[in-house]
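Structure first, then comments.
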Amino acid sequence: MAEFSLSDLETIIRERAHSGDPDSWTAKLFAGGQGKAAQKLGEEAVETVIAAVGGDRQALVSESADLIYHWLVVLGVAGIPLADVLTELERRTGRSGIAEKASRQDRG
15 MAEFSLSDLE
25 TIIRERAHSG
35 DPDSWTAKLF
45 AGGQGKAAQK
55 LGEEAVETVI
65 AAVGGDRQAL
75 VSESADLIYH
85 WLVVLGVAGI
95 PLADVLTELE
105 RRTGRSGIAE
115 KASRQDRG
């Protein structure tokens, strides 16, 4: 099996977003705007948590896939490339999580 990446999924989402295909869930989410996309992301986050707490491995895998997909849709609707998020994560790896979190609280 070939390596599949989040960048591959981001590309697929971008291609389907404005395809006009009435059978495309991605196109429907983009047409519904950020409110609809964010709502679906929230639903998937809750379902992922329920699967994790319930110890259901297969459900956790499935819900995690849904969560990642909907997260990338939310980023896409906002016009934020995955690379921006990865750059932020890379920036944060230079210090401990506790120090990084404290620095964000100081800004807010």
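The opening position of the sequence shown corresponds to residue 15 in the numbering used here, with each subsequent residue numbered one higher. Where a beta carbon is used, it is the ideal one built from N, C-alpha and C, also for glycine.
In this structure V99 does not touch A51 by the C-beta definition: roughly 16 Å separates them, more than the 8 Å allowed.
Of the residues assessed, K54 falls on the buried side of the cut-off, its CB having 16 or more other CB atoms within 10 angstroms. Nearest in C-alpha terms to L20, of all of T107, I112, G108, A97, is A97. Only buried fits L43, as 16 or more other CB atoms lie within 10 angstroms of its CB. Residue ranges of uninterrupted alpha helix (DSSP H) with 4 or more members, entirely inside the stretch 15 to 82 and ordered along the chain, are 20 to 31, 39 to 68. In the assembly as shown, H32 is an exposed residue. Its beta-carbon has fewer than 16 other beta-carbons within 10 Å.
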